[in-house]
Each structure stands twice: as C-alpha cells, then as structure tokens.
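Enquirer: Residues 5 to 293 in my numbering are what the sequence shown lists, from first letter to last. C-beta: ideal position from N, C-alpha, C; glycine also. Please read all numbers here as calculations on a predicted model, not as lab measurements.
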Amino acid sequence: MTFPPKTIRSFTQIKPGVIISLAVEKGGAGKTTSAVNIASGLARWGANLGWRVLLIDIDPQGTASNAVGQFSAASSEKTLAKLLDDDHLLLRPHEFIAPSPWNPKHLHYIPTNRQTLGGMREKLISKIGRERRLSRVLNPLRSDYHFVIIDTGPVNDVLTQNALVASDFVLIPINLDFLGLEAINRTFQLIKVIQLGLEQERPKILGLLGTFYRKGVLASEEALKMLNDKFSNSVIRTVIPLNSAIPDSFSAGVDIYTFNRYSPGATAYNRVVHEILIRIKKIQEQRYG
Ligand SMILES: Nc1ncnc2c1ncn2[C@@H]1O[C@H](COP(=O)(O)OP(=O)(O)O)[C@@H](O)[C@H]1O
Ligand SMILES: [Mg+2]
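(1) In chain order, what residues place their C-beta within less than 5 Å of a heavy atom belonging to ligand 2?
(2) Is residue 259 closer than 8 Å to residue 40 when the C-beta atoms are compared?
(3) Comparing the CB of residue 177 with every heavy atom of ligand 1, is any distance shorter than 7 Å?
(4) Is the closest heavy atom of ligand 1 to the C-beta of residue 1 under 7 Å?
(5) Note the first and the last residue of the continuous alpha helix (DSSP H) segment covering residue 37.
(6) Assuming residue 175 and residue 213 form a contact by the criterion Cβ under 8 Å, report the distance between their Cβ atoms to the nearest whole angstrom.
(7) What are the start and end residues of each continuous beta strand (DSSP E) run of 3 or more residues lying completely inside the region 43-119, in chain order?
(8) Alpha carbon to alpha carbon, what distance is there between residue 227 and residue 132?
(9) To the nearest angstrom, how far is it from the Cα of residue 246 to the Cα of residue 218?
(10) At the level of alpha carbons, what is the spacing between residue 35 and residue 122?
(11) Which whole-angstrom value describes the C-beta separation of residue 243 and residue 42, a residue pair presumed to lie in contact below a C-beta threshold of 8 Å?
(12) Can you determine whether any heavy atom of ligand 1 sits closer than 7 Å to the C-beta of residue 262, and answer yes or no?
(13) How many Å lie between residue 86 and residue 162 at the Cα?
(14) In whole angstroms, what is the alpha-carbon distance linking residue 146 and residue 88?
(15) Tell whether a beta-carbon distance below 8 Å holds between residue 17 and residue 285.
(16) When you measure from the CB of residue 269 to every non-hydrogen atom of ligand 1, does any distance come out below 7 Å?
(17) Leaving out the 5 sequence neighbours to the left and right, which residues in its chain are closer than 8 Å to residue 2 when beta-carbon positions are compared?
(18) If you follow the beta strand (DSSP E) that residue 22 is in, where does it begin and where does it stop?
(19) If you count every other CB in all the chains shown that lies within 10 Å of the CB of residue 157, and 16 or more means buried, which is it?
(20) CB-CB under 7 Å to residue 30, same chain, minus the five flanking residues each way: which ones, in chain order?
(21) Do residue 24 and residue 130 have their C-beta atoms closer together than 8 Å?
(22) Note the first and the last residue of the continuous alpha helix (DSSP H) segment covering residue 153.
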C-alpha cells in the first residue's frame, strides 16, 4: 500500500530526522502494534521519495524488534543495550542497524534483546547522563533517517525516559476498552517534567490515538466521546478498530498491510500515517516558516 503520488508529493518538504515515541504508562494500549505498523506504513508511503525509517524498541520485551526483524533479533550481538552502555561510548550506532525483512531498503531497526536491555535498565540507574543515552545514539542517525519510531514499555522507567528525552514527538495510544485517564495524565505529566527538566519544548504531543475501537458498542463510543471532549484537537481523528487481522498479522510475522491490505486495521493505520504526516508538516511549517 502506498500513498497516491499526488498526496505524497505534498509531504516532500518534511525535514528528515523526526523522532516519534509511542508511549503511555499502560500495557495493552496498542503501543507496539502502532509502532511497527506506523513505521512500516511510513516506509511504504515514502518509498518513492527515498525515505528511510528506523524502528527502535526500548521495551525490554523486545516485541517490536522481534516483529520487524522476524525474530532474527534474538541471536544478534549488536543490540540496543550495548549502545546505551558507557563502556561502549565510542561504538558507531550505524553498525548496529539491520534491514527489516519486511522492507529492507526502507525500514531498518536496531535489535533489542530481552536480557541485555533488562540488565541495562538496572545498570543505567547509577550512571551519569542516564536519561540522555538514547539521544546520543540517535543524533548521528538523524540525517540518515526521515523518521525514527520508538516503541516504549508500559512503565515510567529510565528506558522510557530515554525515549521521551530523545523524541521530538510523542504519540499516545489509548485503549478505548479501558480508557485509562489516569495513565494518560501520568504520561502528560512525565512529558511536562522532561520539558521543564531539560528546559526544552520537546517532546511535543503529536496526538492521542484511540485503539481497540468497537463501533456501536456503548463503552467504546463513550470512551471516544470523553477523549474528544477532554483533549479535542489532540485526538487523531482516525481510530484503530478492534480487528483480528492485527494479532493475526503479528503471528504471521508480517505487517498489517502485507497480511491484508483491505482489512479494517490496515485501512485505519494507513489513515493514521496520513494524519501524522499532516500534523508534522504543519508543526514544522510553524517552526521553520
Ligand atoms: N486494534 C486491535 N485489534 C485487535 N487486537 C489488537 C489491536 N491492537 C493490538 N492488538 C493486540 O493486543 C495485544 C496488545 O497490543 P500491543 O500493541 O502489544 O500493546 P502495548 O504495546 O501497548 O502493550 C497484542 O496481542 C496485539 O496483537
Ligand atoms: Mg508493547
């Protein structure tokens, strides 16, 4: 699935090196699903423009990295944890990047290994500059990648903090079945603390993304209404429906577009990619004129 050429051309001015985290302090929100399908969607849509997309998985579970790497990540020596370690300050991050079998030319990733990243989380606690390690890894990569998508874990730990500190934008997925207003508020709070603590305007909230939407089901409709009432313009207009093609594509080891491009999940993620591009373009225009 690709953008119609005319649509994609309107995004050629988007400046490269845009870093987006998927984050919310809650599991089962659709962070990982959204990270991999948005990363893959951006890589597909920008293929004719030569865009390259890098997926970073800073959740020690390693689900996103395993998905885009089709489970080759587990055996890799060159994993994200090593790059975050100060024993390896001089390593070149470029050498840790692997092409995704999904789309080797346009979608790349850095393998995440559960043990080593879990261990690094403990090790970082006592380290100088512990929240800025990922920033340091990604900075030299910004000119090579149009987009870097970061999947985070469900807790506010030093790894999630690294993701947010490194990001220009945060996209917050919200499960409409268990609308966790408290989790949303905690995530907003964490973003604010980072902006204040680092005296910078980054990361900005790119949007809240409703997931697991069940049309016509009262709980789902009410949750969506509450989200819109409370956060209005911050809510991405497309919602991701509850759709069995999504877990099935995971099991099949492919992205949602390859699994079934006509599925409700593929259509929705495709629209979300479009909306994200519109939002980024608008924000960049305001910033750079
Ligand atoms: N829209 C959806 N419809 C059906 N199942 C989904 C949907 N989005 C995610 N899932 C499934 O729900 C589970 C949790 O989603 P995941 O993206 O891993 O959430 P998180 O990363 O926030 O914990 C996974 O098994 C995933 O395949
Ligand atoms: Mg996850």
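Expert: Taking the coordinates as given:
(1) Those satisfying the condition are, in chain order, 35 and 36.
(2) Taking 8 Å as the Cβ cut-off, residue 40 and residue 259 qualify as a contacting pair.
(3) For ligand 1, at least one heavy atom lies less than 7 Å from the Cβ of residue 177.
(4) It is not possible to answer for residue 1, since the shown part of the chain is limited to 5 through 293.
(5) Annotation: the continuous alpha helix (DSSP H) that includes residue 37 extends over 35-49.
(6) Confirmed, about 6 Å.
(7) As far as the region 43-119 is concerned, its whole beta strand (DSSP E) runs of at least 3 residues are 57-61 and 111-114.
(8) If I take the Cα positions, the gap works out to 42 Å.
(9) Cα to Cα, residue 246 sits roughly 6 Å from residue 218.
(10) When rounded, the distance between both Cα atoms is 19 Å.
(11) That belief does not hold up - the Cβ atoms of residue 243 and residue 42 are roughly 14 Å apart, past 8 Å.
(12) False, no ligand heavy atom lies under 7 Å from that Cβ.
(13) Cα to Cα, the separation comes out at about 15 Å.
(14) The alpha-carbon separation between residue 146 and residue 88 amounts to approximately 17 Å.
(15) The beta carbons of residue 17 and residue 285 sit closer together than 8 Å.
(16) At a threshold of 7 Å, residue 269 counts as near ligand 1, since its beta carbon sits closer than that to one of the ligand's heavy atoms.
(17) Nothing in the structure corresponds to residue 2, since the chain is present only between 5 and 293.
(18) Residue 22 -> beta strand (DSSP E) spans 22-26.
(19) Counting Cβ neighbours within 10 Å, residue 157 comes out buried, since at least 16 surround it.
(20) Correct list, in chain order: 158, 184 and 187.
(21) Judged by beta-carbon spacing, residue 130 lies beyond the 8 Å limit of residue 24, meaning their Cβ atoms are not closer than that value.
(22) Segment 151-155 is the beta strand (DSSP E) holding residue 153; no alpha helix (DSSP H) there.
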